[in-house]
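Shown next, in structure tokens, is the structure this report addresses.
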Amino acid sequence: MDAEEGCRYRYRLSSVRLCAKRPAICALSRREDGIACVFFAPMPVLLVCITAYIGYVDGPWPFTYPGTKNTPLQISAMVVSLSYFIFDMAWCVYFRTEGPVMLAHHTMSILGILLTLWLGESGIESCAVLFGSEITNPLLQARWFLKQTGHYRSLLGDVVDVLFVLLFVVMRIFVGGTMLYCELISPRPRFFIKCGGVAMYALSWVFMVDIVRFAMRKRKSWHKQKMEQLEPVTANGHEGKKD
Numbered sequence: 016m017d018a019e020e021g022c023r024y025r026y027r028l029s030s031v032r033l034c035a036k037r038p039a040i041c042a043l044s045r046r047e048d049g050i051a052c053v054f055f056a057p058m059p060v061l062l063v064c065i066t067a068y069i070g071y072v073d074g075p076w077p078f079t080y081p082g083t084k085n086t087p088l089q090i091s092a093m094v095v096s097l098s099y100f101i102f103d104m105a106w107c108v109y110f111r112t113e114g115p116v117m118l119a120h121h122t123m124s125i126l127g128i129l130l131t132l133w134l135g136e137s138g139i140e141s142c143a144v145l146f147g148s149e150i151t152n153p154l155l156q157a158r159w160f161l162k163q164t165g166h167y168r169s170l171l172g173d174v175v176d177v178l179f180v181l182l183f184v185v186m187r188i189f190v191g192g193t194m195l196y197c198e199l200i201s202p203r204p205r206f207f208i209k210c211g212g213v214a215m216y217a218l219s220w221v222f223m224v225d226i227v228r229f230a231m232r233k234r235k236s237w238h239k240q241k242m243e244q245l246e247p248v249t250a251n252g253h254e255g256k257k258d
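Using my numbering, the first residue of the sequence shown is number 16, and each one after it goes up by one.
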């Protein structure tokens with residue numbers, strides 16, 4: 016497994032990418048497993064759409080009103096998210112596809128959703144976290160399809176990688192950090208909810224370290240390609256001229 020494949024392996028945030036990247040696993044699994052995999056594949060996109068509507072339209076605004084009572088729509092979104100994370104967690108454990116960091120992410124997500132449903136409050140923060148976590152999924156999907164079609168090492172592949180890194184940094188680090196600050200200074204959220212927010216944000220920084228390493232490898236790859244293009248071309252025993 017090369018560096019880029021290893022990075023993609025660590026950043027798998029949904030079961031749909033597992034099915035896409037490992038079709039042999041789905042093919043060798045029982046028919047029921049395959050049906051379940053196909054059923055849960057659109058979940059990340061569905062979660063992004065629902066949580067975006069909750070945050071930007073239905074409200075309340077998570078930065079201003081953390082710790083408020085759960086609405087029926089928030090409860091529905093969290094129940095759907097819980098089923099998705101439980102399925103993906105079971106899939107990762109059964110097929111041993113992920114390391115401890117991703118398993119910790121899934122475990123904290125499941126416990127956080129269960130706690131929010133049990134308390135009956137802070138649903139808006141949970142939905143905001145789900146939105147920020149799953150918003151990068153389309154770019155990871157595009158990256159995989161470009162690899163499979165042989166178009167990844169192109170301008171489009173570079174654009175997808177750059178957008179993924181930027182979106183991750185903006186949503187997970189800057190927006191996530193701002194939301195955590197609002198959560199901590201607000202008197203409404205429970206202490207356990209605040210602790211969960213700190214844990215999730217700390218985990219984002221663990222992912223961020225790998226993101227930075229990936230960006231550095233990508234930069235070196237671009238520099239190497241540029242140098243290769245600038246090398247003089249030798250043809251018929253004569254060295255080409257540089258501009």
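Every residue, glycine too, gets a C-beta built ideally from N, C-alpha and C.
Distance CB(residue i)-CB(residue j) smaller than 8 Å
i, j, result
"methionine 93", "glycine 147", "no"
"phenylalanine 102", "serine 124", "no"
"threonine 151", "serine 141", "no"
"phenylalanine 179", "arginine 158", "yes"
"valine 260", "leucine 195", "This structure cannot settle anything about residue 260, because the visible part of the chain is limited to 16 through 258."
"histidine 121", "leucine 218", "no"
"glycine 127", "asparagine 85", "no"
"leucine 88", "aspartate 73", "yes"
"isoleucine 139", "proline 75", "yes"
"valine 116", "valine 227", "no"
Per-residue DSSP class, three states only, for residue i
i, result
"glutamate 136", "strand"
"glutamine 240", "helix"
"alanine 39", "Summary for alanine 39: the model assigns pLDDT 38, below 50, so the residue's position carries little reliability; its value from the coordinates is reported in the next sentence. The answer is helix: DSSP assigns alanine 39 an H, G or I state."
Residue i, enclosing alpha helix (DSSP H) - first and last residue
i, result
"threonine 66", "58–68"
"aspartate 73", "Looking at the DSSP string, aspartate 73 is not in any alpha helix (DSSP H), and its letter there is neither H nor E."
"proline 87", "87–110"
Assumed close pair residue i, residue j - CB separation to whole angstroms, cut-off 8 Å
i, j, result
"glycine 82", "serine 137", "5 Å"
"phenylalanine 78", "threonine 193", "7 Å"
"glycine 191", "tyrosine 216", "6 Å"
"leucine 145", "serine 201", "So it is not a contact: roughly 19 Å between Cβ atoms."
Any alpha helix (DSSP H) of 4 or more consecutive residues that is wholly inside the stretch 136–221: 138–149, 152–163, 170–183, 191–200
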